[in-house]
Every structure is written in C-alpha cells, then in structure tokens.
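**Student:**
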Amino acid sequence: MRKSDVAISIKGLSKFYKKFQALDQVSFQVKRGDFFAFLGPNGAGKTTTINVVTGLSNYQSGDVHVFGYDVTNEYLNSRRLIGLCAQEFNFDPFLSILQMLIYQAEYFGIPPWEARRRATALLERFQLADKRHCKHRALSSGMKKRLLLCRALIHDPEILILDEPTAGCDLELKFLIWDYLAQLNKEGKTIFLTTHYMEEAEKLCKTIGIINRGRIVRIGDKKEILQDKSLEEIFLEITSSE
Ligand SMILES: Nc1ncnc2c1ncn2[C@@H]1O[C@H](COP(=O)(O)OP(=O)(O)OP(=O)(O)O)[C@@H](O)[C@H]1O
Ligand SMILES: [Mg+2]
149 MRKSDVAISI
159 KGLSKFYKKF
169 QALDQVSFQV
179 KRGDFFAFLG
189 PNGAGKTTTI
199 NVVTGLSNYQ
209 SGDVHVFGYD
219 VTNEYLNSRR
229 LIGLCAQEFN
239 FDPFLSILQM
249 LIYQAEYFGI
259 PPWEARRRAT
269 ALLERFQLAD
279 KRHCKHRALS
289 SGMKKRLLLC
299 RALIHDPEIL
309 ILDEPTAGCD
319 LELKFLIWDY
329 LAQLNKEGKT
339 IFLTTHYMEE
349 AEKLCKTIGI
359 INRGRIVRIG
369 DKKEILQDKS
379 LEEIFLEITS
389 SE
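Counting from 1 along the sequence shown, just add 148 to a position and that's the residue number in our numbering.
#1: Look at ILE156 and PHE340 and say whether their C-beta atoms are less than 8 angstroms apart.
#2: Taking the alpha helix (DSSP H) that PHE323 belongs to, which residues open and close that run?
#3: Across the segment 273-291 and the segment 316-328, are there enough close Cβ pairs to call them in contact, namely three or more that are closer than 8 angstroms?
#4: Taking the runs of the alpha helix (DSSP H) that are 4 residues or longer, which of them lie wholly in the segment 202-255?
#5: Nearest by alpha-carbon distance to LEU246: which of ARG227, SER226, LEU270, ARG228 is it?
#6: Which residues end up in the neighbourhood of ligand 2 when you take C-beta atoms closer than 6 angstroms to any of its heavy atoms?
#7: Consult DSSP for ARG280 and reduce its assignment to one of helix, strand or coil.
#8: Which residue from MET346, ASN221, GLU312, HIS303 puts its Cα closest to that of GLN252?
#9: Flag GLY181 as yes when its Cβ comes closer than 7 angstroms to any non-hydrogen atom of ligand 1, and as no otherwise.
#10: Per DSSP, which residues does GLN173 bridge with? Please list them.
#11: Go through its chain and collect everything with a Cβ distance to SER162's Cβ below 8 angstroms, but skip five positions before and after it.
#12: Where DSSP assigns a beta bridge to THR338, which residues make up the other side?
#13: Am I right that ILE307 and PHE186 are in contact with their C-beta atoms under 8 angstroms? What's the rounded C-beta distance?
#14: Among residues of its own chain, excluding the 5 on either side of SER389, which ones have a beta-carbon nearer than 7 angstroms to its beta-carbon?
#15: Let's see if you can read the secondary structure: which residues bound the alpha helix (DSSP H) around ALA155?
#16: On the premise that LEU296 lies in contact with LEU276, defined as a C-beta separation below 8 angstroms, what is that separation, rounded to the nearest angstrom?
#17: Among ASP278, MET248, LYS279, whose alpha-carbon lies nearest the alpha-carbon of ARG264?
#18: If you run the structure through DSSP and keep just helix, strand and coil, what is GLY181?
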C-alpha cells in the first residue's frame, strides 16, 4: 500500500563513510510511473544513494521516503515496495534458481504455493523456465541478469531499482533488457536505474538526474537535459567511465 504518489523523495541527504563525504545534501524526487535514469561518473554516489533508499546503508542527515514511508523508521513498508537489481550478482550458491525465487518471495510473506506460482511465471516470462532446477552457477551471465530481474519482481513491487542493469551485456542482451524494462514501465512500474550509457537514458527514460562527487548537478526532463550544452563536459566524463 502506498502512502504517497511520490515514489522516491530525498531531501537534504548526506552520507559519510568515516570522514569521507559520499553524498552532500542530495535532494530530488521520482514520481510514480516515471522512468528515471540516474547518471554520474564512477564514484559519484549512485550506488550509495540506492543503498540508502533500499535501507542497506545508514546516513547522517536527511529525509528519505519511498511512496511516503520513511526508509529508516518504516523500513518494512518502504522495502516491500521496492524490487532491487544490485550492481553485482549475489545469489545463494546452494539453491536451484526456482528455490531461490521461492525463498525470496517468502521473505516478503508470500505463501509457498503463491511463491511457486509467481516464480514459475517469472522464469517463463524471462525465458529461464528450462533452467529452473539449475543452480545459478550453471547460468550464462545474460541469464543471471534476467534472474536478477525475476528476483526483483517476485513480490510485485511498485518500483524497480536497477544499478547498471546492462553493464557488460552484449548488444542483443542489452536490447532484450531494454525491451523488458520498457514493458514493465508501460505496465505501471516506476523504474529508477543508474547507467553510464547515454543511449540507454535517451532511449528509455523520461527523467534524468545527474550526480557528481556526491552532489546533484541537474534533475529534469530527458529532452531538456540532453540538449543542454552546459552539461557536455559531465556527459563526456560519464560515458568514459567503465
Ligand atoms: N563501503 C564504503 N566504504 C568507504 N567508501 C565507500 C564505500 N562505498 C562507496 N564508497 C565511496 O563513496 C563514493 C561513492 O561510491 P558509489 O559506489 O556510490 O559510486 P557510484 O556512483 O555508484 O560509482 P560507479 O559508477 O563506479 O558504480 C566513492 O568515492 C566510493 O569510493
Ligand atoms: Mg555504483
């Protein structure tokens, strides 16, 4: 259940790792239904922002809400609304991918019979049904990327947060993931992704946010941002990041 129609609301967020300030007074909002691309060079603070929004990381000051729920004080409510595709693969090595999805659903209180139904349907949708009894080690990296999507979607979240979903993908897989994401956004999911690919932001998103050295540089409509000549230098820095 949502308490607000603002998917992500961040106000005055500052985050330190010991003495190093990774986020400095970050403020922006993502509207429900938006397709938001968060751009920034290496070390800009994208993953740190995602970690705070998903409750994986603490922070020193600011207010962070997901659909109106405070990510610290109302963690269970806010986390339930988020599906997360992390930057790195972090699957349980001992489970088959079907079991892994069922366990993930159960973390969210979904009963076993419904968990199995959803897991089976997602594996079908993302063309992994024939691998359902394999462990994730037996999957190609493209399959693992799709498995990340299945896991993020198992509890039917309102918002999908993806940290560089197509990094290291070949063209075919990149286009396939783009198609999935466009489809999910059409179905009503709010999407927030980080990327270094300008083409990805240009093709898919509606809104762009740019962060550099822990500070928000600009947030705005895609067209307006991409045509802004004053941002050329930062775009160059972003595209040359790995
Ligand atoms: N656990 C940590 N301990 C100390 N410093 C950290 C930690 N995690 C991140 N940092 C630092 O915080 C800054 C922001 O890192 P973050 O991972 O958020 O960047 P990013 O924008 O996601 O970069 P990339 O595009 O390379 O993934 C960097 O300077 C990084 O070294
Ligand atoms: Mg990162």
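Just so you know, even glycine gets a beta-carbon here, dropped at the ideal spot from N, CA and C. Computed from a prediction, not measured in an experiment: that's the story for all the values here.
**Tutor:** In short:
#1: Yes, these two residues count as a Cβ contact at 8 angstroms.
#2: Boundaries of the alpha helix (DSSP H) harbouring PHE323: 319-334, taken from the DSSP string.
#3: Yes, since at least three Cβ pairs between the segment 273-291 and the segment 316-328 fall closer than 8 angstroms, the two stretches touch.
#4: As far as the segment 202-255 is concerned, its whole alpha helix (DSSP H) runs of at least 4 residues are 223-228, 245-255.
#5: When each option's Cα is compared against that of LEU246, the closest is LEU270.
#6: This criterion selects LYS194, THR195, GLN235, ASP311.
#7: The three-state reading of DSSP puts ARG280 in coil, since its state is none of H, G, I, E or B.
#8: Proximity to GLN252 across MET346, ASN221, GLU312, HIS303 peaks at HIS303, based on C-alpha coordinates.
#9: No, ligand 1 has no heavy atom inside 7 angstroms of this Cβ.
#10: GLN173 is not bridged to any residue.
#11: Within the same chain, SER162 has close Cβ partners GLN169, LEU171, ASP172, GLN173, VAL174, TYR207, GLN208, SER209, GLY210.
#12: Answer is ILE307.
#13: With a Cβ gap of about 13 angstroms, ILE307 and PHE186 do not count as contacting.
#14: Closer than 7 angstroms at Cβ, skipping near neighbours: PRO189, ASN190, HIS344.
#15: Here ALA155 belongs to no alpha helix (DSSP H); instead the beta strand (DSSP E) covers 154-165.
#16: At roughly 11 angstroms, the Cβ-Cβ gap does not stay under 8 angstroms, so LEU276 and LEU296 are not in contact.
#17: Cα-wise, what sits closest to ARG264 is MET248.
#18: DSSP places GLY181 in the coil class of the three-state scheme, outside both helix and strand.
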